[in-house]
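Peer 1: FYI, in the working numbering the residues of the sequence shown are 14 to 492. Glycine residues also receive a C-beta, built at the ideal position from the N, C-alpha and C atoms.
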Amino acid sequence: MLLLDEKERLKLWHTVVQIIETYAKQVSEHRVTPELDPERIRGLLKRFDFNQPIDAQEAVRFAADSLWEHQVHTPHPRYYGLFNPAPTTMGIAADTLVAAFNPQMAAWSHNPFAAEVERHLVRSFGPLFGYRAEDADGTFCSGGAEANHTALLTALVHSFPDFARHGVRALPRQPVLYVSSEGHHTFLKAARMCGLGTEAVREVAVDDKFRIDLAELAARIQADLDQCFAPFLLVGTAGTTSAGVVDDLQTLATIARSHQLWFHADAAWGGAAALVPELRPVLRGIEHADSITFDAHKWLSVPMGAGIYLTRHREILEKTFRTDTAYMPRDADGLDIVDPFAHSMQWSRRFIGLKVFLSLAVAGWDGYGAAVRHQAALGDLLKQSLAAAGWKAVNETPLPVVCFVDDTRPEGRSAEYLSNVAGEIVRSGQAWISTTRLGGSIPVIRACITNYRTSRDDAAALVTALNDARQKLSSRVGS
Ligand SMILES: *Cc1c(COP(=O)(O)O)cnc(C)c1O
14 MLLLDEKERL KLWHTVVQII ETYAKQVSEH RVTPELDPER IRGLLKRFDF NQPIDAQEAV
74 RFAADSLWEH QVHTPHPRYY GLFNPAPTTM GIAADTLVAA FNPQMAAWSH NPFAAEVERH
134 LVRSFGPLFG YRAEDADGTF CSGGAEANHT ALLTALVHSF PDFARHGVRA LPRQPVLYVS
194 SEGHHTFLKA ARMCGLGTEA VREVAVDDKF RIDLAELAAR IQADLDQCFA PFLLVGTAGT
254 TSAGVVDDLQ TLATIARSHQ LWFHADAAWG GAAALVPELR PVLRGIEHAD SITFDAHKWL
314 SVPMGAGIYL TRHREILEKT FRTDTAYMPR DADGLDIVDP FAHSMQWSRR FIGLKVFLSL
374 AVAGWDGYGA AVRHQAALGD LLKQSLAAAG WKAVNETPLP VVCFVDDTRP EGRSAEYLSN
434 VAGEIVRSGQ AWISTTRLGG SIPVIRACIT NYRTSRDDAA ALVTALNDAR QKLSSRVGS
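1. Are the stretch 404-420 and the stretch 444-462 in contact at 8 Å, needing three or more beta carbon pairs?
2. Starting from Gly151, follow its DSSP beta bridges and name the residues at the other end.
3. State the beta-bridge partners of Glu12 as determined by DSSP.
4. Where does Val457 fall in DSSP's three states?
5. Identify, in the order they occur along the chain, each residue of the same chain with its Cβ nearer than 8 Å to the Cβ of Ser487, setting aside the five sequence neighbours on each side.
6. Taking Cβ to Cβ, would you say Ala251 is nearer than 8 Å to Gly210?
7. Look at Gly318 and Thr306 and say whether their C-beta atoms are less than 8 Å apart.
8. Using the DSSP secondary-structure output, state which residues sit across from Pro244 in a beta bridge.
9. Could you check whether the stretch 345-360 touches the stretch 107-123, counting it as contact only if at least three pairs of C-beta atoms, one from each stretch, sit closer than 8 Å?
10. Taking the beta carbon of Arg483 as the centre, do at least 16 other beta carbons fall within 10 Å, making it buried, or is it exposed?
11. For the beta strand (DSSP E) containing Leu451, list its first residue and its last residue.
12. Does the distance between the C-beta of Trp26 and the nearest non-hydrogen atom of ligand 1 fall short of 7 Å?
13. Given 7 Å as the limit, tell me if Trp513 has its C-beta closer than that to any heavy atom belonging to ligand 1.
14. Which term fits Val375, buried or exposed, when burial requires 16 or more other beta carbons within 10 angstroms of its beta carbon?
15. Unbroken beta strand (DSSP E) runs of length 3 or more, entirely within the stretch 241-288: which are they?
16. Considering only heavy atoms of ligand 1, does any lie closer than 7 Å to the CB of His502?
17. Taking the alpha-carbon of Arg91 as reference, which of Ser255, Ala472, Asp62 and Gln397 has the nearest alpha-carbon?
18. With a threshold of 16 other CB atoms inside 10 Å of the CB of Ala228, please say whether the residue is buried or exposed.
19. List the residues that DSSP assigns as beta-bridge partners of Cys416.
20. Going by DSSP in three states, Tyr92 sits in which element: helix, strand or coil?
21. Determine the DSSP secondary structure at Ser122, reduced to helix, strand or coil.
22. With DSSP run on the structure shown, which of helix, strand or coil describes Phe364?
23. On a CA-only basis, which of Glu129, Ala76 and Leu110 is nearest Leu348? Give me that one, please.
24. In the DSSP output, which residue or residues are listed as bridge partners for Ala406?
25. Do you know how far the Cα of Gly452 is from the Cα of Gly403?
26. Taking the alpha carbon of Phe173 as the point to measure from, which residue in Thr264, Pro185 and His277 has its own alpha carbon closest?
27. Determine the closest residue to Gly196 out of Ala278, Asp148 and Cys207, with distance taken between C-alpha atoms.
28. Do the stretch 215-225 and the stretch 178-193 meet, that is, are 3 or more Cβ pairs less than 8 Å apart?
29. Nearest chain D C-beta to Thr448 closer than 8 Å, yes or no?
30. Hey, Gly139 and Ala127 are a contact pair by Cβ (cut 8 Å); roughly how many whole angstroms apart?
31. Using only the alpha-carbon positions, how far apart do Arg215 and Leu247 sit?
32. Which word fits Glu159, buried or exposed, when buried means at least 16 other C-beta atoms lie within 10 angstroms of its C-beta?
33. So, at 7 Å on beta carbons, what are the nonlocal neighbours of Leu274 in its own chain, with the 5 sequence-adjacent residues on each side left out?
34. What does DSSP give as the partner residue(s) for Asp308 in the beta ladder?
35. If I follow the unbroken alpha helix (DSSP H) through Thr163, where does it start and stop?
36. Tell me, to the nearest whole angstrom, how far the beta carbon of Gly442 is from that of Val45; I am working on the premise that it is less than 8 Å.
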C-alpha cells in the first residue's frame, strides 16, 4: 500500500499534474479568500479515522478540492499580501523531484550533487550582495526565521569565544542586540531560543521614514556600554515587513565597525532589489554585512520554504554548528568538501537549493530582474492610482509596498475605519490586503505587489475595490 502499483501510479501522476496545471491557469478566476469556518473543515476531516483506507485518486482529489476552497490563494494575482508569491513553475518541478529522490542533505557523501548545487548557489548569491565568491559561505534554511536565528548564533560565537562551550551563563555581561522597532520579530524568538531572553533585543525607534533612527541607536549603544551590557549584534533591515523600507545600511555598517558589533542585514524580501540596477543602490552597504538573510521563497518566488543565510566569514558556521559523531558517514574524508549538517541548525534536511537552482537556471538573472522591475513599476503605478483616488501613501520606498490612509474622509486615518475597509475587501474575495501600524502607532492599509503575475488591470481592480468599500462604509454611516 505504500508503493502503489504501476498502473495506479501513472493514473495518479496524471491527476496530480492536471490539478497543478488547472490551478495555475484558473486561480486568477477564483475568489482570493476563503470563508473562515473551522467547524466545516473539521467536519470534512471527520470521516478520516484511517481504519478504512480510501482510493488514491479520491484522496488526492479530496486534498486538492479542499485546498482550492480553504486557503487564501497567495498565488492569486490579486493577493497583495505579505511577501508570499506565486511559485515558479521550475520550483514546483524541483520540489517534486526532491520529494521523489529524497536526497539526505546531512552528509556530503550521501548527496554530492545536491550539496554542490547549494555550495554553487551560495557562491553565486554572495557576489550578488557584494561578497567575494571565495569568501562567501552560507546555508539553506527553512526560512528567514531560521536564517535570522543562525545570524544571532553566529554573532554570539564570533563575539564571545566561550559561548559555544559554556553558554550565555558563562558570560560576564549580558549580551544585547539592536534592531529597529520595524524589524522582524524573528529576532525576539531567536533571542529566546539562544537563551538571551527578549529583553536583550533593543528595539530602536525609527525616524520619520520608518528607518532605524541613527541618533537613537548611537545613544542606546552608549547607554548600554555605560551600564555594562555587552552589545554584540546590529541588525539592518532591508525591506521592512510593514512598509518595505530599507535602513541606511552604509551608516549601520560604520557604526557596527566602530563598536565591533556583528552586522547582519535582514534582506529576506528586499534583497531581490540587487537584481535590478536601478533599485540596487537602495541596498548600499550590504556588502559590509557580516551575514545576510535572503529568502528565495519571497521575491524569487520559489515554493516555501527557502531561506538562505550568507556570511563572508568562512569559518563561522563550522565553529557554530560542527559536532563530531561516530555514526555519520566518513566516505568523503580527505576530500575538499563540507558536510551540510556541520554548517547548519538542521541535521537531516530537504534539498532546498534545487528549486532555486532550476528557477534561476531557466529564468536567468535577467529573467528575475525583469520580474522584480515589473513589480516595482506596478507598485509605483498603484501608488499613483491610489493618490488620484484620494488615498494617501505614508511610506516612502522604491520597493512595491504601499501603506496608505484615506484622505477623503474625516475618519480616514482611524484604525477602525481602515480595518473596516480592508475587511470589506477580504470578505468580498476580490483581493487580499491587510492593515498594520507604522512606527508602532500609525494605522494604515498595506498593499504589496508580491506576485510576478499581477497586472495593471489587477492594480486598477484593487483601487476600484477600495473606492467601493469606502463608498459602502460611508453610506452605512449615513443611513
Ligand atoms: C519574512 C521575513 C522574515 C521571516 O522569514 P520567514 O521566511 O517567514 O521565516 C524575517 N525578516 C524579514 C525582513 C522578512 O520579510
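Peer 2: According to the data block:
1. yes
2. Leu323
3. Summary: the structure shown does not reach residue 12, with the chain confined to residues 14 through 492, and so no result is reported for it.
4. strand
5. Arg422
6. no
7. no
8. Val189
9. yes
10. buried
11. Ser447 to Leu451
12. no
13. Examination of residue 513 is not possible in this model, given that the chain is present from 14 through 492 alone.
14. exposed
15. 243-250 and 275-279
16. Examination of residue 502 is not possible in this model, given that the chain is present from 14 through 492 alone.
17. Ala472
18. exposed
19. Arg459
20. strand
21. helix
22. coil
23. Glu129
24. Phe417
25. 23 Å
26. Pro185
27. Ala278
28. yes
29. Here chain D cannot be found, since the structure has a single protein chain.
30. No, Gly139 and Ala127 are not in contact; Cβ-Cβ is about 19 Å, not under 8 Å.
31. 10 Å
32. buried
33. Pro244, Phe245, Leu246 and Leu247
34. Gly320
35. Gly157 to Ser172
36. 6 Å
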